[in-house]
Amino acid sequence: MGDKDKFSLLPRVINGSIAGIVGVTCVFPIDLIKTRLQNQQPGPKGELFYKSLPDCAVKTFRNEGFFGMYRGSGVNLLLITPEKAIKLVGNDFFRHHLASTDGVLTLGREVLAGAGAGLCQIVVTTPMELLKIQLQDAGRSASVDLTETAGKVVAEGAGGASVKPTKLSATKITLDLLKTRGIFGLYQGCGATALRDICFSAIYFPLFANLNKLGKRRQGSDQAVFYHSFLSGCIAGCTASFMVNPFDVVKTRLQTLSKGKGEIHYTGILDCFSKILSKEGPKAFLKGSLCRILVIAPLFGIAQTVYYLGVAEYLLGIRK
Numbered sequence: 001m002g003d004k005d006k007f008s009l010l011p012r013v014i015n016g017s018i019a020g021i022v023g024v025t026c027v028f029p030i031d032l033i034k035t036r037l038q039n040q041q042p043g044p045k046g047e048l049f050y051k052s053l054p055d056c057a058v059k060t061f062r063n064e065g066f067f068g069m070y071r072g073s074g075v076n077l078l079l080i081t082p083e084k085a086i087k088l089v090g091n092d093f094f095r096h097h098l099a100s101t102d103g104v105l106t107l108g109r110e111v112l113a114g115a116g117a118g119l120c121q122i123v124v125t126t127p128m129e130l131l132k133i134q135l136q137d138a139g140r141s142a143s144v145d146l147t148e149t150a151g152k153v154v155a156e157g158a159g160g161a162s163v164k165p166t167k168l169s170a171t172k173i174t175l176d177l178l179k180t181r182g183i184f185g186l187y188q189g190c191g192a193t194a195l196r197d198i199c200f201s202a203i204y205f206p207l208f209a210n211l212n213k214l215g216k217r218r219q220g221s222d223q224a225v226f227y228h229s230f231l232s233g234c235i236a237g238c239t240a241s242f243m244v245n246p247f248d249v250v251k252t253r254l255q256t257l258s259k260g261k262g263e264i265h266y267t268g269i270l271d272c273f274s275k276i277l278s279k280e281g282p283k284a285f286l287k288g289s290l291c292r293i294l295v296i297a298p299l300f301g302i303a304q305t306v307y308y309l310g311v312a313e314y315l316l317g318i319r320k
């Protein structure tokens, strides 16, 4: 049986799941900071409460503590298994079926395979991101007042006491959305999520595959050594995440259900793009880009290392 006929689903799903859980646990606090930086809007005089990545990290930790840095991680860890499994397995599936009989895959087909994986994952990614963003942003939106009467960006209570966000849970948000909007309520921002994820995967997977080909092979295997897979995943993730950051900013804004006082609401992708551009300028589309790179690069580096080391194959006793 040739390589073209082989496609083992179970180990790929297990590898994708392990990779997602490990990666998210490592980088979640940075992802929370990214969400808050992307969501904050300038006050009446252009002032911002979070001045930078470190400033946001310090203020979040000071006001909400260590566990506040992991706000929303539960839903992410719960749904990251199917999300990462769909993304990684989907790309392998499309590459497997788009390759010629001798295993050759053109760049155009690599891009198509990646895009297909990105499209498939939004079934899980959209509700996961929607719930995660509400929990991550609760500490910011609950304390922001951008109205003209406020005169400044208010992110802390009188006397310097931090404003405690309303206690939320993924279950409560889900039930409220299902009750008021039905199942489609969980898919708010689906179009923006698709735009981000399809473009990301179309860039990431071909770039990773071609970088990974350049590395030293493991002894007795056609797979690259683990450190090369890790570096390839980091470089590809860094590049792809930076290129799609404008879509991620739009997606984050559209999926934020509870805005701070005086913050702008958006009706769709084009409306969000135009309002951000006119009121905050083109630099606003780069908000959180450094955080996103710091999240995605190690996340996919870890994911690809676990995936290509064949942890599942070892556990299942399958020869990699």
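One point on numbering: in full-length UniProt numbering, the residue at position 308 of the sequence shown is 308, and numbering is uninterrupted.
For each residue, glycine too, the CB sits at the ideal point set by N, CA and C.
As the structure is a computational prediction, the values presented were derived from the model and not from experiment.
- The beta carbon of Cys272 sits closer than 7 Å to those of Val250, Arg253, Leu254 and Tyr266, all from its chain and outside the five residues before and after it, given in chain order.
- In the DSSP assignment, Ala138 forms no beta bridge with any residue.
- If you compare the alpha carbons of Gly72, Arg62, Thr193 and Leu88 with that of Leu10, the shortest gap goes to Leu88.
- Nearest in C-alpha terms to Lys259, of all of Lys216, Glu110, Ile86 and Arg140, is Arg140.
- Boundaries of the alpha helix (DSSP H) harbouring Arg181: Ala170 to Arg181, taken from the DSSP string.
- Residue range Ile269 to Glu280 is occupied by the alpha helix (DSSP H) that includes Ser278.
- Taking the CA atoms as reference points, Val306 sits about 8 Å from Gly16.
- Cβ-Cβ distances below 6 Å link Val22 to Ile302 in the same chain, with the five nearest sequence neighbours on each side left out; the list follows chain order.
- Collapsing the DSSP output to three states places Lys87 in a helix.
- Glu47 is classed as exposed because its beta carbon has fewer than 16 other beta carbons within 10 Å across all chains shown.
- In its chain, beyond the 5 residues on either side, Thr35, Arg36, Asn39, Thr256 and Ser258 have a beta carbon closer than 8 Å to the beta carbon of Asp137.
- Per the coordinates, the alpha-carbon of Ile86 lies some 28 Å from the alpha-carbon of Leu286.
- In the three-state DSSP reduction, Lys259 falls in the coil class, being neither helix nor strand.
- Ranked by Cα distance from Ile296, the first of Met243, Gly108, Glu64 and Gln134 is Met243.
- The shortest CA-to-CA distance from Thr106 to any of Val311, Asn210, Ser274 and Val24 is the one to Asn210.
- In this chain, the alpha helix (DSSP H) harbouring Lys59 covers Leu53 to Gly68.
- When secondary structure is reduced to three states using DSSP, Ala99 falls in the coil class, being assigned neither helix nor strand.
- Bounds of the alpha helix (DSSP H) holding Ile235 are Phe226 to Met243.
- DSSP places Arg253 within a helical segment (H, G or I) once states are collapsed to three.
- About 18 Å separates the beta carbon of Ala194 from that of Leu131, a gap too long to meet the 8 Å contact definition.
- Taking a C-beta distance under 9 Å as the contact criterion, Ala240 and Ile203 qualify as a contact pair.
- Counted as a single uninterrupted DSSP element, the alpha helix (DSSP H) harbouring Ala312 occupies residues Val311 to Leu316.
- Segment contact: the region 45 to 63 against the region 96 to 115, fewer than three CB-CB distances shorter than 8 Å; contact not assigned.
- Distance from the CA atom of Pro29 to the CA atom of Pro298, rounded to whole angstroms, is 13 Å.
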